[in-house]
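What follows is one structure encoded as structure tokens, with my remarks underneath.
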Amino acid sequence: MRNTITFFLLLFIGCAFCFCKQKRVDEQKQVSAADFSEESSPVVSPQESIGLMQVAEGFEVVLVAAEPLVSSPVALSFDEQGRMWVVEMTGYMPDTTGAGEDLPTGKIVILEDTNQDGVADTRKVFLDSLRMPRAICLVGDGILVAEPPSLWYYEIKQGKPGKRTLVDAAYAEGGNVEHQPNGLLRALDNWIYSAKSDKRYRKVGDTWVKQQTHFRGQWGISQDDAGRLFYNTNSENLLGDYFMPGFGAANQNQKAVAGFNEKIVANNSVYPIRPTTGVNRGYLEGVLDDSLRLVSFTAASSPLVYRGALFGKEHTGDVFVAEPAANLIKRNTLQTNGYLTTGKQAYKGKEFLASVDERFRPVSLYNAPDGSLVVVDMYRGIIQHKTYLTPYLKKEIAKRNLTQPLLSGRIYKIVPKNSKVRKMTMPKDAVKLVKLLGHENGWIRDKAQQLLIDQEARRIIPELRQALVKSRNPLLVTHALWTLEGLNALRAEEVAFLLRHHDPLIRVQGLSALPSILSGATYQQFMPVFQEMVNKPDTLVAPYLAFLANHLRPFDQEGANSLLKQVVRKHPTNRYVADAVISSLSGREESFQKAMLSFVPDTATALHRQLQQVFAYKKEAQDNRNKEAVLKQFPRGAAMYATSCQTCHGPDGNGVKSLAPPLNHSEWVTGNKSRLAAIVLYGLTGPVNVNGHVYKAPEINGDMPGIGYSQNLPEEDVAELLSYIRKSWKNKASTVHPEEVKKVKQKFKNRQKAFTAEELNYLF
């Protein structure tokens, strides 16, 4: 009884404290930037938070939803009625220990603006009791929900969840919350893509199809009007693909393919308008400038290609990137030359949007039905996951009481000042939807295509065929093509027509759709078209022809090889063509190289050089035959590697581009055991020399966090992890024992920051 009284007394005091605190904020007439510093970071209302933002000239920020209507939002999707389906990750980091993170507190909620004043006023819980949900996608009569480790599909029955189908039991297997797949972008080509993943999904009838694709990004994924994908990592502004996403991932012996995972914007500088000492590595030299502001991206997320018409033509195709750790949103402009895409920051020394409110955490950005840019603000103090939380950041969190609030969240839209924004809903009539396939707003076009496919609206196929061959609007032609493809109604002669189209971008769309209709009955009619295209000096389509050889091979192996040889003859020095050729040579690389020597004898050409990389990778894979034995010997170490290391260093230990250097055949792994333990426990920052090559940002992240700050991490588990990586792949080093780990922990028990390579070489 006494305990019960004590509990309710504490609860009452806690509630009273929160009420008084909120009341003080409410009674405050005006919060100014002067109230925010490295020592102070008050919680403010949504309207006050808007007042603390600086947005580009000519734009304004408008509130769409806020607590208590929404809590801890991380992702959303609009339906055809303009309603927002929002993912609430309320379990994320309740405190610096992450206590209670595994509790099923997450939700999918539907927010609606019923009085059409621009602000959501109703909330309906569609799905609750979820553990750390992270992404959704509306498909057909249901919704995909990413709830680690699984990807589920829920049928929607009268607004409520119906039958649940498991789409992928290993969608987000391994990794922590910062390094698990997310995004679920329903792309132009009718496949669903994720960031931090090498899998794509598609619903065909009642069956879910899963295929391998390129590994892309970390948090958030977007597409341009041509259907090319864009993404990034936490320290990189913008990465992306030069080619359509369905190509180039067929050869498992090929580690990287030119034209995918390309650096689109190399400048990673950011320009906060407040001190940002609350970043995980703020104590390191070069992370903050003299005014204590973040210098470069550290939590880049949710790159968004703006495709609405509301901002005007000068902004169409711009890419906006969120940086929640620095409380800002960056704008980049892109330029395309053939299939090459490059970009630059739109402003010098400033951002599209920046705030002095430290709890403003823009984690996701979206195109909206009305053409605005929607910002999902998690509105939290703690944004860093416990796996990598440094003692330095824990002190920063305590200094400004950043643990609270836990149940806030805001959704904003950014619009031009004085613009007339109205709620957009999609018609149910299929004929009207066809007309919207050429709409100036990319969200409208995408949704029209998706609805026609989901409705299986075959009665409008004649209208789609007319648009395909007669429309002068390339956007309408593109979406008509992919709608026909999604309805399984695309004809070979229609694709052949597009391959001779005067617009090179339409020709590319035709080439991209061709695999879905290529068959034993149709492939022969494309052979003369391929020949025509090869003979023309058209470098734009050359890589696509090489990619397509892989799809032609099941029907005509000789024709596929001939096509590859002709493309190589025509473009012997083009590295994009070379990698496209290699992607169609799985298991045939050696024989093709021998044949190629007769017509491309120069072994310095791109194809010869890149084939040598494939041969080296194949040999290395053949040498790594101890995987099962090591897994059996160190099961906990293998599990820890999959959870904490694999996403950056790769399942093969060879490192991941833009993230981390190789562990395979690395002297840092196979050398001094205590030195390796120190790295894993306390982290490594800055350049590092591995086998004669100096890895540094932006080639790698440049900052490996340690896992030893947790007091609950047993030495036995760390020893298993170290032993696992010291004996995996080509590594043949000795076992690490718990006592050895314990000695390192005792030696550096007061360690507060990551090591540098120079420091480690001096100490060990």
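Everything in the sequence shown is counted per UniProt numbering, starting at 1 for the first residue and increasing by one.
Just so it is clear, CB atoms sit at the ideal spot from N, CA and C, and this is done for glycine as well.
Around the C-beta of residue i, are 16 or more other C-beta atoms found within 10 angstroms, so that it is buried, or is it exposed?
i           : result
residue 20  : For residue 20, the pLDDT reaches just 38, beneath the cut-off of 50, and the residue's location in the model is therefore unreliable, leaving the point undetermined.
residue 216 : buried
residue 601 : exposed
residue 469 : exposed
residue 117 : exposed
residue 11  : At residue 11, the pLDDT of 35 sits below 50, so the modelled position is not reliable; the number obtained from the coordinates is stated separately. Classification for residue 11: exposed.
residue 68  : exposed
residue 449 : buried
residue 615 : exposed
residue 752 : exposed
residue 673 : buried
residue 495 : buried
residue 746 : exposed
residue 714 : exposed
residue 172 : buried
residue 462 : exposed
residue 750 : exposed
residue 763 : exposed
residue 571 : buried
residue 370 : buried
residue 408 : buried
residue 276 : buried
Less than 7 Å between the C-beta atoms of residue i and residue j, yes or no?
i           : j           : result
residue 684 : residue 754 : yes
residue 264 : residue 238 : yes
residue 129 : residue 149 : no
residue 96  : residue 71  : no
residue 203 : residue 139 : yes
residue 718 : residue 744 : no
residue 310 : residue 372 : yes
residue 106 : residue 133 : yes
residue 281 : residue 538 : no
residue 442 : residue 190 : no
residue 258 : residue 575 : yes
residue 176 : residue 387 : yes
residue 361 : residue 383 : yes
residue 244 : residue 227 : yes
residue 730 : residue 664 : yes
residue 75  : residue 62  : no
residue 660 : residue 648 : yes
residue 326 : residue 292 : no
residue 247 : residue 555 : no
residue 59  : residue 414 : yes
Quick one: does the C-beta of residue i sit closer than 6 Å to a heavy atom of the ligand SAH?
i           : result
residue 681 : The model on display carries no ligand, and the ligand SAH is accordingly not part of it.
When you compare each of the options to residue i by their alpha carbons, which one comes out closest?
i           : options               : result
residue 332 : 688, 270 and 338      : 270
residue 657 : 693, 673 and 701      : 701
residue 758 : 598, 735, 687 and 733 : 687
residue 151 : 114, 164 and 160      : 164
residue 682 : 694, 640, 760 and 609 : 760
residue 268 : 42, 329 and 587       : 329
residue 186 : 98, 78 and 242        : 78
residue 511 : 529, 170, 521 and 693 : 529
residue 631 : 609, 553 and 727      : 727
residue 168 : 634, 160 and 200      : 200
residue 262 : 314, 283, 183 and 342 : 342
residue 692 : 432, 662 and 250      : 662
residue 499 : 98, 532 and 455       : 532
According to DSSP, residue i sits in a beta bridge with which residue or residues?
i           : result
residue 240 : 230 and 262
residue 55  : 353
residue 73  : 88
residue 297 : In the DSSP output, where bridge partners are listed per residue, residue 297 has none listed.
residue 788 : Outside the shown range of the chain, which is 1 to 764, sits residue 788, and nothing can be said about it.
residue 780 : Given that the chain is displayed from residue 1 to residue 764, the structure contains no residue 780 and the question cannot be resolved.
residue 63  : 412
residue 334 : 343
residue 366 : 374
Query raised in the report: Just checking, does the region 722 to 730 make contact with the region 654 to 674 on the three C-beta pairs under 8 Å criterion?
Result: yes
Requested in this report: Please determine if the region 227 to 247 and the region 290 to 302 are in contact, where contact requires at least 3 C-beta pairs separated by less than 8 Å.
Outcome: yes
Query raised in the report: Is the region 394 to 403 in contact with the region 422 to 442, if contact means three or more CB pairs nearer than 8 Å?
Result: no
Query - Any 3 or more C-beta pairs closer than 8 Å across the region 569 to 587 and the region 280 to 287 - result: These segments do not touch.
Query raised in the report: Touch check for the region 421 to 428 and the region 373 to 381: three-plus C-beta pairs under 8 Å?
Result: no
Requested in this report: Take every Cβ of the region 505 to 519, pair it with every Cβ of the region 472 to 482, and state whether three or more of those distances are shorter than 8 Å.
Outcome: yes
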